[in-house]
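Trainee: Could you have a look at this structure, given as structure tokens, before my questions?
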Amino acid sequence: MYNRKSRVVVAVYLDVAFKLEAYDFHENSDLFYKEASDGVNVMVIGSYGQWSDNVALVGGNSSLQILDWNGEELSWTVTSKICAMVLLDNDKDGENELVIGCEDSYIRVVKRGQVIQELPETGAVVQLTAAGDAKFGYALANGTVGIYDEGVRIWRVKSKQTAVSVAWCGDALAACWAGGRVDWRDGGSGRALRRVQTRGAAAAMLLADYRSQGSADLVCVTETGEVVGYPLHVENTGFPFHSTKSLPSEDDRLAITELFSKKQALLLELQHYEANSNVTNLSDGERNSSAMPTNTRLQVAVTCLVDEKFEKKFAVKYRTADRALAKQGVWENEEIINDDVDGAAGKSKYIYITVGTSINNVATNYVPISSAGLAVERVERAALNFAIATNNDTVVRAAVVLAEGVFPGETAARHPPKDKLRPHLFLQLKPPRDVPVDVHVKALVGYPDSEQFHIFELSKQLPRFAMYTLASESSKKSKRDGQVTFKITERIQRICIWLNQNFLLEKEVEPETDDAKELHVDLINLRDKSKLALYFESDGTVNISTHDIRLAGDLVQSLALYLNVADLQVSQEIICLK
Numbered sequence: 001m002y003n004r005k006s007r008v009v010v011a012v013y014l015d016v017a018f019k020l021e022a023y024d025f026h027e028n029s030d031l032f033y034k035e036a037s038d039g040v041n042v043m044v045i046g047s048y049g050q051w052s053d054n055v056a057l058v059g060g061n062s063s064l065q066i067l068d069w070n071g072e073e074l075s076w077t078v079t080s081k082i083c084a085m086v087l088l089d090n091d092k093d094g095e096n097e098l099v100i101g102c103e104d105s106y107i108r109v110v111k112r113g114q115v116i117q118e119l120p121e122t123g124a125v126v127q128l129t130a131a132g133d134a135k136f137g138y139a140l141a142n143g144t145v146g147i148y149d150e151g152v153r154i155w156r157v158k159s160k161q162t163a164v165s166v167a168w169c170g171d172a173l174a175a176c177w178a179g180g181r182v183d184w185r186d187g188g189s190g191r192a193l194r195r196v197q198t199r200g201a202a203a204a205m206l207l208a209d210y211r212s213q214g215s216a217d218l219v220c221v222t223e224t225g226e227v228v229g230y231p232l233h234v235e236n237t238g239f240p241f242h243s244t245k246s247l248p249s250e251d252d253r254l255a256i257t258e259l260f261s262k263k264q265a266l267l268l269e270l271q272h273y274e275a276n277s278n279v280t281n282l283s284d285g286e287r288n289s290s291a292m293p294t295n296t297r298l299q300v301a302v303t304c305l306v307d308e309k310f311e312k313k314f315a316v317k318y319r320t321a322d323r324a325l326a327k328q329g330v331w332e333n334e335e336i337i338n339d340d341v342d343g344a345a346g347k348s349k350y351i352y353i354t355v356g357t358s359i360n361n362v363a364t365n366y367v368p369i370s371s372a373g374l375a376v377e378r379v380e381r382a383a384l385n386f387a388i389a390t391n392n393d394t395v396v397r398a399a400v401v402l403a404e405g406v407f408p409g410e411t412a413a414r415h416p417p418k419d420k421l422r423p424h425l426f427l428q429l430k431p432p433r434d435v436p437v438d439v440h441v442k443a444l445v446g447y448p449d450s451e452q453f454h455i456f457e458l459s460k461q462l463p464r465f466a467m468y469t470l471a472s473e474s475s476k477k478s479k480r481d482g483q484v485t486f487k488i489t490e491r492i493q494r495i496c497i498w499l500n501q502n503f504l505l506e507k508e509v510e511p512e513t514d515d516a517k518e519l520h521v522d523l524i525n526l527r528d529k530s531k532l533a534l535y536f537e538s539d540g541t542v543n544i545s546t547h548d549i550r551l552a553g554d555l556v557q558s559l560a561l562y563l564n565v566a567d568l569q570v571s572q573e574i575i576c577l578k
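Numbering-wise, this note's numbering puts 156 at position 156 of the sequence shown, and it's gapless, one number per residue.
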């Protein structure tokens, strides 16, 4: 709704996603009827930018329209497909900005038609809600909900269900899930405060004065048509209690529960320290089944795994004809590619061969399943090698790695057989997008003969451009394909710091001399082996040479944010391939 002539309240009605109608329900008349060729996915109404009166902001499949109360178009901007929008003062300057959630997994903050901030997420952004000064809550299609404060995510949680709607309830974020569950989470920590379950699958949720008491309630609608209202805060509806001693509040009970859990954890840790105090003086036969040295630490390291013969190797699927050979597995380049544990003949295997090798000469004991041979599957050998290791003779029995947007289902588990236990485990990571990734590790650590293992938890953040590594001399770019050019005034030393913080490099980039004014860095994209070159000239000119325009934009934004540059004039040269 929005005001017309400061008097009439106007309702805007969406029709079949391609038509827009404004209706004055006070005077029972149509105000305007407008075609929306780009579709209408979401709409918000309020004051925005230079317009003091309320305007309608319409998000479509590829554009953002701003309309006045007459239906006249005030502004039009190209965007990604918009799934959610909310108006709030994100930078606390007294003027509303527009926060839009897009299908391409980005949350964008728009100020007067310009995107001033881009927040990458791990799924399509389907819900947004204002959550106080410069804060907003969000929900993703993959079941994640959370809160941002001035562009910084302060917490997030993930569920197997999808959030139908989110709403801000004063000091908590309420989320209505597709299965009918409604929960309230603390706005500062994400801790669950309250949960209720409706009697059917949820269809929608909104804030409204459901009880006509002059205050908002949380109203949920199920798919069967049932409407249920909940107070924003837990109300004391019990019988009167005429005593000087009051009942503990919900917050008090939660605090007591949390303190009791910490007490139990500390007592258990103390027992472990006492059990492990004499481990170093005992032999293997005398050692307790759950004992472990007190100085045991879990360590992680990330390196780029690059195969120089990446372009020349393919995988060919074979079926074993010999049971004995099937039990041994296939060995190629001192690495076991596939191992049939049961050793049964007829199992499928993959072996890697060089392009041009005759299939008949690969192995006489293997029969190709497909006559296509080389066309079966290509080897993906370039990735990030994630190592999990202990600092002594203990072993990593199993590990669970959580990295949103990297693994199917967000998690990966590694549990080697008992005869192959080592103090380390290796895992390959391949982030699909150039965004920072938080990797959380939970590992079972102990001795090979232990019956009980200790759980270690560790977190590590991968830099935004982790999937780029320094190019070898033979693979450096000989010419500049396409260029994005701009000028900055900054020392090369600070540029090197930005490179080392945002890229995962084998060795740190440093200027050749203390007074160096130029820098040239050649990189390779591990995803597709494409080349990237960065040129920093003595006059402040920066050239980014790449065929990927999104990568160029991400690099410009990252560098400008690091150098705190608010305004940057950028030119682009596009090379068309015929």
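Note that CB positions come from ideal geometry on N, CA and C, so glycine has one too.
Flag this pair as yes or no: are the beta carbons of I45 and N54 separated by less than 8 Å?
Mentor: Here residue 45 refers to the residue found at position 45 when the sequence shown is read from its first residue. Here residue 54 refers to the residue found at position 54 when the sequence shown is read from its first residue. Going by C-beta atoms, I45 is nearer than 8 Å to N54.
Trainee: Give a yes or no on contact between the region 122 to 137 and the region 81 to 101, applying the rule of three or more CB pairs nearer than 8 Å.
Mentor: Yes, since at least three Cβ pairs between the region 122 to 137 and the region 81 to 101 fall closer than 8 Å, the two stretches touch.
Trainee: Let me know if H424 comes out buried or exposed under the rule of 16 or more other beta-carbons within 10 Å of its beta-carbon.
Mentor: Your numbering for residue 424 matches position 424 in the sequence shown. The residue is exposed, with fewer than 16 neighbouring Cβ atoms inside 10 Å.
Trainee: Let me confirm a value: H415 is counted as buried when at least 16 other C-beta atoms fall within 10 Å, else exposed. Which label applies?
Mentor: Position 415 of the sequence shown, counting from 1, holds the residue named residue 415. Classification for H415: exposed.
Trainee: A175: which of V219, E457, L559, I107 sits nearest, CA to CA?
Mentor: Working through the sequence shown from its first residue, we reach residue 175 at position 175. Out of V219, E457, L559, I107, V219 has the C-alpha closest to the C-alpha of A175.
Trainee: Suppose the cutoff is 8 Å on Cβ atoms and the five residues either side in sequence are ignored; what does the same chain contact list for T394 look like?
Mentor: In the sequence shown, counting from the first residue as 1, residue 394 sits at position 394. Cβ within range, chain order: M292, P293, T296, P423, V445, G446, Y447.
Trainee: Under 8 Å between the Cβ atoms of Q428 and A383?
Mentor: Locating residue 428 in the sequence shown gives position 428, where the first residue counts as 1. Locating residue 383 in the sequence shown gives position 383, where the first residue counts as 1. In this structure, A383 lies closer than 8 Å to Q428 by Cβ.
Trainee: Report yes or no: do the region 159 to 172 and the region 201 to 216 share at least 3 C-beta pairs separated by less than 8 Å?
Mentor: The region 159 to 172, when compared against the region 201 to 216, does touch it at the 8 Å Cβ threshold.
Trainee: Determine the DSSP secondary structure at K262, reduced to helix, strand or coil.
Mentor: On the sequence shown, position 262 is the one that residue 262 refers to. Helix, per DSSP.
Trainee: I need the straight-line Cα distance from D522 to Q501, nearest angstrom please.
Mentor: Within the sequence shown, numbered from 1, the residue matching residue 522 stands at position 522. Within the sequence shown, numbered from 1, the residue matching residue 501 stands at position 501. Each residue's alpha carbon lies about 16 Å from the other.
Trainee: Less than 8 Å between the beta carbons of S558 and R433, yes or no?
Mentor: Stepping through the sequence shown from its first residue, residue 558 is reached at position 558. Stepping through the sequence shown from its first residue, residue 433 is reached at position 433. No. Outside cutoff.
Trainee: For W76, tell me which candidate among Q161, S37, G190 has the shortest Cα-Cα distance.
Mentor: Residue numbering aside, residue 76 sits at position 76 when the sequence shown is read from its first letter. The shortest C-alpha separation from W76 is found at S37.
Trainee: Does the beta-carbon of T144 have 16 or more other beta-carbons within 10 angstroms, so that it is buried, or is it exposed?
Mentor: Against the sequence shown, residue 144 aligns to sequence position 144. Buried, by the Cβ-count rule.
Trainee: Look at the Cβ atom of Q483, then the Cβ atom of E573, and state whether they are nearer than 8 Å.
Mentor: As a working note, residue 483 is residue 483 in the sequence shown. As a working note, residue 573 is residue 573 in the sequence shown. The answer is yes: Cβ separation under 8 Å.
Trainee: Tell me, please, which residues DSSP counts as bridged to L568.
Mentor: As a position in the sequence shown, residue 568 is number 568, starting the count at 1. DSSP lists no partner for L568.
Trainee: As an exercise, report each continuous alpha helix (DSSP H) stretch of at least 4 residues that is fully enclosed by the region 434 to 503, in chain order.
Mentor: For the region 434 to 503, whole alpha helix (DSSP H) runs of length 4 or above, ordered along the chain, are 492 to 502.
Trainee: Relative to the alpha-carbon of R527, which residue among A516, A466, K507, G151 has its alpha-carbon at the smallest distance?
Mentor: Counted from its first residue, the sequence shown places residue 527 at position 527. Comparing Cα-Cα distances from R527 to each of A516, A466, K507, G151, the minimum goes to A466.
Trainee: Kindly give me the distance between the Cβ atoms of K487 and T541, rounded to whole angstroms, as I take these residues to be in contact under 8 Å.
Mentor: Taking the first residue of the sequence shown as position 1, residue 487 is located at position 487. Taking the first residue of the sequence shown as position 1, residue 541 is located at position 541. Rounded, the Cβ-Cβ distance is 5 Å, consistent with contact.
Trainee: Using a Cβ-Cβ cutoff of less than 6 Å, which residues in the same chain neighbour V439 once the five nearest sequence positions on both sides are dropped?
Mentor: Mapped onto the sequence shown, residue 439 falls at position 439. Around V439: A403, K460.
Trainee: Tell whether a beta-carbon distance below 8 Å holds between E150 and N96.
Mentor: Against the sequence shown, residue 150 aligns to sequence position 150. Against the sequence shown, residue 96 aligns to sequence position 96. Cβ distance not < 8 Å, so E150 and N96 don't count as in contact.
Trainee: Distance, Cα to Cα, G229 vs A178?
Mentor: Residue 229 sits at position 229 when you count from the first residue of the sequence shown. Residue 178 sits at position 178 when you count from the first residue of the sequence shown. If I take the Cα positions, the gap works out to 17 Å.
Trainee: Using 8 Å for Cβ pairs, my map puts R108 next to Q50. What's the rounded Cβ distance?
Mentor: The residue labelled residue 108 in the question sits at position 108 within the sequence shown. The residue labelled residue 50 in the question sits at position 50 within the sequence shown. Actually they are not in contact, since the Cβ atoms of R108 and Q50 sit about 19 Å apart, beyond 8 Å.
Trainee: Kindly list the residues whose CB is nearer than 6 Å to the CB of L568, restricted to its own chain and excluding five residues on each side of it in sequence; keep chain order.
Mentor: Here residue 568 refers to the residue found at position 568 when the sequence shown is read from its first residue. Here the set comprises F486, A560.
Trainee: Indicate the three-state DSSP secondary structure (helix, strand or coil) for V556 in the structure shown.
Mentor: By 1-based counting over the sequence shown, the position of residue 556 is 556. Helix.
Trainee: Given A413, which residues of its chain have a CB within under 8 Å of its CB, disregarding the five upstream and five downstream residues?
Mentor: For the purposes of this step, residue 413 is identified with residue 413 of the sequence shown, where counting begins at 1. Closer than 8 Å at Cβ, skipping near neighbours: A398, A399, V400, V401.
Trainee: Where do the ends of the beta strand (DSSP E) carrying S539 lie?
Mentor: As a first step, residue 539 is located in the sequence shown; it is residue number 539 there, counting from the start. The sequence shown places Asp at residue 539, rather than the Ser named in the question. Neither: D539 is in no beta strand (DSSP E) and is coded neither H nor E.
Trainee: For L534 and S105, what's the separation of their Cα atoms in angstroms?
Mentor: Translated into the one-based positions of the sequence shown, residue 534 becomes position 534. Translated into the one-based positions of the sequence shown, residue 105 becomes position 105. Rounded to whole angstroms, L534 to S105 spans 27 Å at the Cα level.
Trainee: Using alpha carbons as the reference points, say which of K420, R494, G123, P231 lies closest to D449.
Mentor: Your numbering for residue 449 matches position 449 in the sequence shown. Nearest option by C-alpha distance: K420.
Trainee: By how many angstroms is the C-alpha of E510 removed from the C-alpha of F536?
Mentor: Taking the sequence shown and counting its residues from 1, the one referred to as residue 536 is at position 536. Taking the sequence shown and counting its residues from 1, the one referred to as residue 510 is at position 510. Whole-angstrom Cα-Cα distance: 13 Å.
Trainee: By DSSP, does L577 sit in helix, in strand, or in coil?
Mentor: Locating residue 577 in the sequence shown gives position 577, counting from the first residue. At L577 the pLDDT is 48, less than 50, meaning the model places this residue with poor confidence; the figure from the coordinates comes in the next sentence. Looking at L577 - three-state DSSP - the assignment turns out to be coil, as it is neither helix nor strand.
Trainee: How would you write the range of the beta strand (DSSP E) that N385 sits in, first residue to last?
Mentor: As a first step, residue 385 must be located in the sequence shown, where it is residue number 385. Here the beta strand (DSSP E) through N385 covers 383 to 390.
Trainee: Are the beta-carbon atoms belonging to L551 and L532 less than 8 Å from one another?
Mentor: If you number the sequence shown from 1, residue 551 lands on position 551. If you number the sequence shown from 1, residue 532 lands on position 532. For L551 and L532, yes; Cβs fall inside 8 Å.
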